[in-house]
Amino acid sequence: MENQSTQHVKITTADPSAIGLFGLAMVTLVASSQKLGLTEGLAFVLPWAIFLGGFAQLFACIHDAKHNNTFGTTAFGAFGLFWLGVGTSWLIQLGVFGDNLAANVDPKQLGFAFVGYLIFSVYMTIGAMETHKVLFFIFVLIDFLFIGLSLSSFGIMTDATHMLAAVSEMCIALLSFYGSAAAVLNAHFGRVFLPIGKPFGIFKK
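So for the sequence shown, my numbering puts the first residue at 1; every next one is plus one.
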């Protein structure tokens, strides 16, 4: 009986950060338009929160895990779940799950959730210093977003902190669009088409 040789094919997956950052860019663009008073209501923010903020980032999370990328997996997974949580909170607030739940809404509970995500974002900002500068500045803006959301949820300097969150969120959207474009075009052209900046090299040499 003849020996049959088997050919081992290495299966690789594309970098999912482009779709993850695009999802982040879309949801923050639409959500910030409402915070800035450019649009009204939450009804048409919800689909983008669920599908782009939630599912797109969870998709990126799962595929980043295949790259053994703990940082990307954690970042996209945590923020994907964040938008699903926020979207569900809005549904409760809007009375989709009944008047009983809507009547028991306490904005301070969301405030504590925002504080938790601020803590998460701060240590992820430290990690982002050793990825690239675009991602680092996205996380810095996310820090400011959660500072603004936390303080406004607790009724502290509401107008100023709401505006801090709104402006930070719009800037997150714009920078995330750039990061997504860089991830797509740099890989597509096989060269640095859009620079993203080298890691700081403080914690990892």
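A virtual CB, placed ideally from N, CA and C, is assigned to each residue, including glycine. Quick caveat: nothing in here was measured; it's all calculated off a predicted structure.
CB of residue i within 8 Å of CB of residue j, strictly
i	j	result
Gly197	His132	yes
Lys125	Phe114	Note that residue 125 corresponds to Thr in the displayed sequence, not to Lys. Result no, Cβ atoms of Thr125 and Phe114 do not sit closer than 8 Å.
Gly41	Cys61	no
Tyr117	Phe146	yes
Ile138	Gly98	no
Ile172	Leu194	no
Gly148	Thr161	yes
Ala43	Gly20	no
Pro47	Glu130	no
Member of the options whose CA lies at the smallest distance from the CA of residue i
i	options	result
Ala18	Phe59, Val30, Leu42, Lys204	Phe59
Lys204	Asp106, Phe139, Ala128	Ala128
Ala166	Ile156, Asp15, Leu36	Leu36
Lys108	Pro199, Ala160, Ala43, Gly155	Gly155
Met26	His63, Phe71, Asn69, Gly80	Gly80
Phe71	Phe120, Asp143, Gly95	Phe120
Residues near residue i in its chain [Cβ-Cβ closer than 6 Å; skip 5 each side]
i	result
Leu24	Ser176
Ser33	Thr39
Ala65	Thr73
Chain-order list of residues whose beta-carbon lies under 7 Å from that of residue i (same chain, five-residue window excluded)
i	result
Val86	Ala49
His67	Thr13
Asp15	Ala183, Ala187
Arg191	none
Leu110	Ser89, Ser153
Glu169	Thr28, Ala31, Ser32, Lys35, Leu145
Gln4	Caution applies to Gln4, whose pLDDT of 44 falls short of 50 and renders its modelled position unreliable; the value that the coordinates give is listed next. If we look at Gln4 and ignore the five residues flanking it on each side, it has no Cβ neighbours.
Val45	Val30, Ala31, Gln34
Leu84	Ile50, Gly54
Local conformation of residue i per DSSP, three classes
i	result
Asn186	helix
Ile217	This structure does not reach residue 217, given that the chain is present from 1 up to 205, and the question cannot be answered.
Ala14	coil
Phe76	helix
Ala43	coil
Gly116	helix
Val68	The residue asked about is misnamed: residue 68 is Asn in this sequence, not Val. Asn68 falls in the coil class under three-state DSSP.
Thr131	coil
Ile142	helix
Gly155	coil
Other residues of its chain near residue i: CB distance less than 8 Å, five sequence neighbours each side excluded
i	result
Phe82	Gly53, Tyr117
Ile92	Leu101, Ala102, Val105
Glu2	Because the pLDDT at Glu2 is just 41, under 50, the model does not fix this residue reliably, and the value given afterwards should be weighed accordingly. Counting only Cβ-Cβ distances below 8 Å, and skipping sequence neighbours, we find nothing.
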